[in-house]
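> full-length UniProt numbering numbers the first residue of the sequence shown as 1 and each following residue consecutively. Glycine included, each C-beta is placed from N, C-alpha and C at the ideal position.
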Amino acid sequence: MALSFLIDFRGEVAALSAALIWAIASVIYIGIGRQLSPLVLNFVKGLIAIVLLILTLLLKGGLLPQISLTAVGLLFLSGVVGIGFGDTAYFEALNCLGARRALVLESVAPPLAAVMALVFLQERLAVGAWAGIALTIVGVTWVIIERTQGTLQPQSHRWRGTAFGLLAALGQASGAVLSRAALAGTTIDPLWSSLIRLVAGGLVLVIWLLLQRRTVQDLKPLRSPRFLLLLTVTAFASTYLAIWLQQISLKYTAAGIAQALSATSPLFVIPLAIALGEKVSLRAIVGVLVAIIGIWLLFS
């Protein structure tokens, strides 16, 4: 029965698994982001993931798949928009606002992806699915807002962070819909779609880095073996593994549902906080319960 559930809901399970990984990685990236600029960080983690994906494809023996030029173009554009611009904007929002406030703005992405998929892909969702997306996002936002009380950043940082956070949400929603258009109803391996998206995003970042005339000094933190190991492990989880899971979710479930479940990262912070002895308010727990009802509707 468990195996049947995993097969029937593999897209949804993959999205939740990616959310769990991103919840942990977001906290780690705040520390890493203090030593590397958003552009450099995005490029290096993407490069690590590209190497890992190529090695995986070589081991699987699937290095030359049959993919139409249309699908390649859609996935390439998805990488440019979602990874090249979207992820860089998200790292900038993280630096300005912190993980929790940046994640609040990310909650705009799922309904935006659902609307874009409806308009461009004619991907219609049942009323229950729309209700599930709404409850999931309300619950997640409630949890984040409850846990963001404290010292605010300077107003200039908040405005800058908000702008980049909204750009990140737009980029990720657009990237998700483009991936969904390429993957739905095809035999494309999500490993391959992940590689194409990362290569596209990497090319954008290379051009961006050259235009900004970044120097070798920007890479100085990478000389530390400990820092490089931390970045490699985090990139393995958050970029190689999580983006692979995200592509699986977009292949097997609707774009809006995949995005909504991927946005549940903050919910996974609550059990971790309790385990570490941190006091969690009743309001935050209620927010989790609301989101869980939304998730249940999406699985139903």
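Starting from Ser262, trace the alpha helix (DSSP H) in both directions and tell me its first and last residue.
Ala255 to Ser262
> Three-state secondary structure (DSSP) at Leu53?
Leu53 falls in the helix class under three-state DSSP.
> Taking the C-alpha atoms as reference points, what is the distance between Gln247 and Val13?
12 Å
> Since I believe Ala49 is in contact with Ala235 (beta carbons under 8 Å), could you give me their beta-carbon distance rounded to a whole number of angstroms?
By a beta-carbon distance limit of 8 Å, Ala235 contacts Ala49. Their separation comes to about 6 Å.
> Is it right to say Arg180 is buried, meaning 16 or more other beta carbons lie within 10 angstroms of its own, or is it exposed?
buried
> Alpha carbon to alpha carbon, how far is Leu94 from Ala260?
20 Å
> Looking only at its own chain, which residues have a Cβ that is under 8 Å from the Cβ of Gly139, when we skip the five neighbours before and after it?
Leu267, Gly287, Val288, Leu289, Val290, Ala291, Ile292, Ile293 and Gly294
> Given residue 307, which residues of its chain have a CB within under 6 Å of its CB, disregarding the five upstream and five downstream residues?
In the structure as shown, the chain starts at 1 and stops at 300, and residue 307 therefore has no counterpart that could be examined.
> How many Å lie between Leu297 and Ala131 at the Cα?
Leu297 and Ala131 have their C-alpha atoms some 7 Å from each other.
> Evaluate contact between the stretch 223 to 234 and the stretch 23 to 42, counting only Cβ atoms and requiring at least three cross-stretch pairs below 8 Å.
yes
> Nearest by alpha-carbon distance to Asp87: which of Ala71, Arg101, Gly73 and Glu106 is it?
Glu106
> Pick from Tyr240, Ala117, Ala102 and Ala168: whose alpha carbon is nearest that of Gly84?
Considering only alpha carbons, the answer is Ala168.
> Nearest to Ala109 by alpha carbon, out of Gln122, Ala71, Ala258 and Leu211?
Ala258
> Could you tell me if Leu282 is buried or exposed, where buried requires 16 or more neighbouring beta carbons within 10 angstroms of its beta carbon?
exposed
> Suppose you measure from the CA of Lys45 to the CA of Leu231; what does that come to, to the nearest Å?
7 Å
> So the alpha helix (DSSP H) Ser283 belongs to, where does it begin and stop?
Checking the sequence, you will find Arg at residue 283 rather than Ser. Start and end: Leu282 to Phe299.
> Under 9 Å, do Ser26 and Ala102 count as touching if we go by C-beta distance?
yes
> So, using beta-carbon positions, are Gly11 and Ser265 closer together than 9 Å?
Result no, Cβ atoms of Gly11 and Ser265 do not sit closer than 9 Å.
> With respect to the alpha helix (DSSP H) encompassing Gly11, which residues constitute its N-terminal and C-terminal limits?
Taken as a continuous stretch (DSSP letters only), the alpha helix (DSSP H) holding Gly11 covers Arg10 to Gly33.
> Taking the continuous alpha helix (DSSP H) assigned at residue 308, which residues delimit it?
Absent from the model: residue 308. The displayed extent of the chain is 1 to 300, so no value can be given.
> Once the 5 residues before and after Lys251 are set aside, which same chain residues still bring their CB inside 6 Å of it?
Leu183 and Pro190
> Buried or exposed, going by whether 16 or more other CB atoms sit within 10 Å of the CB of Trp159?
exposed
> State the DSSP-derived secondary structure class of Val115, mapped to helix, strand or coil.
helix
> Secondary structure at Gln66, three-state DSSP: helix, strand or coil?
coil
> Could you compute how far the alpha carbon of Leu210 sits from the alpha carbon of Thr187?
36 Å
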